[in-house]
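Heads up: the sequence lines are chains A and B, in that order.
Read in order, the letters of the first sequence correspond to residues 4 to 204 in our numbering.
Read in order, the letters of the second sequence correspond to residues 120 to 525 in our numbering.
Positions of the beta carbon are idealized from the N, C-alpha and C atoms, including for glycine.
Just so it is clear, the structure is predicted and the values come from calculations on it, not from any experiment.
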Amino acid sequence: MTRTSPFSVRGRRALMVMRDERDISMVRRQLNRLGMTIIEHDPAEAPPSGENFDVIVMDVDSIPLKSGTTAAWKASAPVIALIGTETPSRLRWLLDLQPASFLVKPLRSAGLYTALVVAFDSAQRRIDEAAYVERLENRIRSRRLVFAAVLQIMRGHALSESDAFALIRQAAMRHRTTVEQLSADIVAVGGMPNRTTRSAS
Amino acid sequence: MSNFSVRPPGVLEMKKPSIPLGLVFSQSGPYGMMGGELLKSALMAIDEINVCAAFDFTFVPYLRDPGGVVAAYHTACDELIRDERVDHIIGCYTSASRKQVIPIVERTERLLWYPARYEGFESSDNVIYVGAAPNHNVVPLVRHMLDHVSSDVFCVGSNYVWTWETNRVIREIVTSAGGRMLAERLLELGETSVDHIVREIIDRKPPVVFNTLVGESSYAFVRALHEATTRAGLAIPMLSCSLCEPELKLIGAPASVGCITSSAYFESIERPENRAFVARWKARHGIDSNPSVDGQSTYVCVMLLARAIRRAGSTDVAAVRRAAANHRYDSPQGQVWVDPDNNHCFLTPRLARSVHGCQFDIFWEAEAPERPDPYLSNLDLAAIGLSPEKSNDAMSKRPNHLRIVK
Chain A
4 MTRTSPFSVR GRRALMVMRD ERDISMVRRQ LNRLGMTIIE HDPAEAPPSG ENFDVIVMDV
64 DSIPLKSGTT AAWKASAPVI ALIGTETPSR LRWLLDLQPA SFLVKPLRSA GLYTALVVAF
124 DSAQRRIDEA AYVERLENRI RSRRLVFAAV LQIMRGHALS ESDAFALIRQ AAMRHRTTVE
184 QLSADIVAVG GMPNRTTRSA S
Chain B
120 MSNFSVRPPG VLEMKKPSIP LGLVFSQSGP YGMMGGELLK SALMAIDEIN VCAAFDFTFV
180 PYLRDPGGVV AAYHTACDEL IRDERVDHII GCYTSASRKQ VIPIVERTER LLWYPARYEG
240 FESSDNVIYV GAAPNHNVVP LVRHMLDHVS SDVFCVGSNY VWTWETNRVI REIVTSAGGR
300 MLAERLLELG ETSVDHIVRE IIDRKPPVVF NTLVGESSYA FVRALHEATT RAGLAIPMLS
360 CSLCEPELKL IGAPASVGCI TSSAYFESIE RPENRAFVAR WKARHGIDSN PSVDGQSTYV
420 CVMLLARAIR RAGSTDVAAV RRAAANHRYD SPQGQVWVDP DNNHCFLTPR LARSVHGCQF
480 DIFWEAEAPE RPDPYLSNLD LAAIGLSPEK SNDAMSKRPN HLRIVK
């Protein structure tokens with residue numbers, strides 16, 4: 004899997020959800036300079052569905068504070084929040100949106116690039132972390148399988164629990180597979196599977 | 120137009136130097152009525168300064184009317200600064216309009232004198248906030264509600280930042296005191312279909328209703344709720360931190376009677392400065408006309424600015440800001456002065472009950488003007504969130520907070 008550097012922004016697609024004309028022209032000009040593709044969206048309307056964006060630049064003051072609106076915006080692309088009102092009620096709403104980065108209004112030409120880089124980087128980190136968590140969860144889910152395989156080997160080879168586990172681990176290393184995968188095979192065939200080793204030893 | 124010579128007072132035969140003053144009030148659009156009230160107050164204060172021998176200059180007002188269009192505020196201020204060369208602008212009513220103006224006054228180093236109470240969480244070096252901060256306004260009313268009415272509250276408000284933030288403060292204080300926010304119902308700005316909310320209140324019979332609706336929505340709601348509770352034989356107290364005398368007139372009796380309201384100014388304040396102010400107001404605008412909290416605050420803006428210019432001997436923004444800091448002015452609402460820490464004003468919080476004749480009967484006021492706390496960073500939830508016996512304790516430790524005046 005090749006990953007895009009957070010510093011390369013050319014060609015990425017930005018959805019602008021903004022109301023104020025001066026802010027819009029400022030952001031539009033900067034995004035054009037950076038070579039990004041711009042799609043503009045009326046904040047009064049529901050989030051667009053079906054389209055893919057790499058980032059959403061959102062004037063959070065332009066969206067009414069009603070329950071449900073954050074859920075609709077969540078889960079799509081990373082959000083750069085443009086903040087005017089720093090009241091805790093608005094910031095609470097913003098936290099639910101989990102913005103990847105933010106800018107404080109009034110906007111200046113400086114700052115948007117940093118916000119984009121931080122947003123792309125944190126979006127990538129979120130993807131990486133989600134994948135890592137999924138791997139850990141898979142491992143937890145297969146604990147019962149490993150336990151069943153250890154029991155099988157203990158009975159079949161008259162070994163202690165720790166010796167049985169050591170045997171499975173060594174076999175997994177020899178077969179270049181995971182303990183979890185080998186355990187699944189052991190449970191499936193009712194004993195240590197007869198694999199040809201690909202190791203050099 | 121930054122400097123002028125200071126001459127001894129009383130030399131009226133010489134023409135006084137004039138200072139251009141920007142006024143930005145929307146006299147049309149959704150809050151045109153309030154804009155008109157603020158303008159009347161500003162012009163009254165300017166006329167008083169212009170004929171007063173104690174001031175060595177006159178103000179020449181330059182008025183812009185953005186018509187309630189948020190984006191037009193930026194253009195209006197840009198024109199005032201560029202074409203009329205004003206250093207100081209008095210105006211804006213909503214937070215949205217103030218936030219439009221802040222970038223331009225910050226960039227050009229001008230000063231906006233902002234008269235309205237607002238939800239806080241802002242502090243610009245280029246704005247003097249003369250209206251109430253949330254600690255002057257919302258907090259005393261919620262405290263009163265907890266101590267004397269109920270800790271379970273039904274909230275109704277307009278769907279914008281003032282209600283969102285007020286409700287957030289109410290919820291925090293109420294829940295920390297072991298109470299509940301029973302409902303949080305929102306209406307779009309200007310919406311007057313209130314029957315579904317009134318019906319829900321009659322069905323659920325909450326011990327108290329907190330109303331943060333604004334304008335026509337509020338008037339329609341107060342009238343409809345009064346009619347429905349009367350028909351159902353219910354007495355549900357209603358609280359507001361924005362109603363003012365001209366609005367009581369628009370609601371009309373008997374619905375306008377009995378609302379518990381928090382404000383730094385009521386027409387009924389018994390201070391010689393206020394009696395004289397009300398008399399001048401009625402002489403100028405008619406015996407049936409009433410000043411309002413935001414109008415009085417606009418008047419205070421002009422007075423604070425005039426005094427700061429006189430002390431500074433210049434209209435230069437940095438000099439005026441320094442001269443305004445901590446300088447006490449005996450306004451109609453009592454002593455007012457600018458806290459240089461955050462550019463908001465020391466004001467005296469008051470609570471009142473609306474009565475017949477479109478007036479408020481003040482039943483509590485703080486003993487002294489309270490330091491503005493725009494970020495509510497000194498709000499001690501633990502001290503408020505105590506049971507009644509303990510909260511009496513807390514009150515005796517806080518003598519400044521509760522003093523019964525009637």
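| Check | Outcome |
| --- | --- |
| Expected contact under 8 Å - CB spacing of residue 267(A) and residue 73(A) to nearest Å | Since the first and last residues shown for chain A are 4 and 204, residue 267(A) lies out of range. |
| Cβ-Cβ distance between residue 55(A) and residue 17(A) below 9 Å | no |
| Other residues of its chain near residue 77(A): CB distance less than 8 Å, five sequence neighbours each side excluded | 99, 100 and 101 |
| Exposure label - residue 185(A); buried when at least 16 CB within 10 Å | buried |
| Beta-carbon proximity check, residue 349(B) vs residue 276(B), cutoff 9 Å | no |
| Residue from 361(B), 318(B) and 358(B) with nearest C-alpha to residue 351(B) | 318(B) |
| Contact set for residue 516(B): own chain, Cβ-Cβ below 7 Å, skip 5 residues either direction | Residue confidence for residue 516(B) is low, a pLDDT of 38 falling below 50, so the modelled location carries little weight and cannot support an answer. |
| Beta-carbon contacts of residue 22(A) that lie in its chain and below 7 Å, excluding the five residues immediately before and after | 46, 62 and 65 |
| Interface residues of the segment 240 to 264 of chain B facing chain A [CB-CB below 9 Å] | 240 and 241 |
| Neighbour flag for residue 108(A) against chain B, beta carbons, 9 Å | yes |
| Residues bridged to residue 457(B) [DSSP beta-bridge criterion] | 444(B) and 464(B) |
| 9 Å Cβ cut-off: residues of chain A touching residue 280(B) | 64, 68, 88, 90, 92 and 93 |
| Whole-number beta carbon distance between residue 216(B) and residue 189(B), since they are thought to touch under 8 Å | 6 Å |
| Inter-stretch contact at 8 Å, needing at least 3 Cβ pairs: the segment 409 to 420 of chain B / the segment 290 to 304 of chain B | no |
| Residue 197(A) - DSSP class collapsed to helix/strand/coil | coil |
| Contact set for residue 310(B): own chain, Cβ-Cβ below 6 Å, skip 5 residues either direction | 336 |
| Closest by C-alpha distance to residue 466(B), when choosing among 169(B), 415(B), 226(B) and 155(B) | 415(B) |
| For residue 484(B), the three-state DSSP class (helix, strand or coil) | strand |
| CB contact flag (residue 211(B), residue 235(B), <9 Å) | yes |
| Reference residue 52(A), options 36(A), 39(A) and 75(A), closest by Cα | 75(A) |
| Interface flag, residue 31(A) vs chain B, CB-CB below 9 Å | no |
| Residue 45(A) at chain B interface by Cβ criterion, 9 Å | no |
| Secondary structure of residue 330(B), DSSP reduced to three states | strand |
| Anticipated Cβ contact below 8 Å, residue 308(B) with residue 338(B), distance rounded | At roughly 13 Å, the Cβ-Cβ gap does not stay under 8 Å, so residue 308(B) and residue 338(B) are not in contact. |
| Nearest-angstrom Cα separation, counted from residue 32(A) out to residue 105(A) | 18 Å |
| Near-chain B residues of the segment 8 to 23 of chain A (beta-carbon distance less than 8 Å), N- to C-terminal order | 23 |
| Pick from 491(B), 240(B) and 500(B) that is closest to residue 218(B), judged by C-alpha positions | 240(B) |
| Distance between residue 358(B) and residue 302(B) (C-alpha atoms, nearest Å) | 15 Å |
| Contacts that residue 287(B) makes with chain A (C-beta to C-beta distance below 7 Å) | 91 and 92 |
| Beta-carbon proximity of residue 424(B) to residue 288(B), cut-off 9 Å | no |
| Residue-level contact to chain A via CB, residue 315(B), 9 Å cutoff | no |
| Three-state secondary structure assigned by DSSP to residue 141(B) | strand |
| C-beta neighbour in chain A for residue 569(B), strict 9 Å | Outside the displayed span of chain B (120 to 525) sits residue 569(B), for which this structure offers no information. |
| CA-to-CA distance, residue 243(B) to residue 224(B), given in whole angstroms | 10 Å |
| Where residue 222(B) meets chain A, residues with beta-carbon distance less than 7 Å | 109 |
| Every unbroken alpha helix (DSSP H) inside the segment 149 to 209 of chain B [4 residues or more] | 151 to 170 and 189 to 201 |
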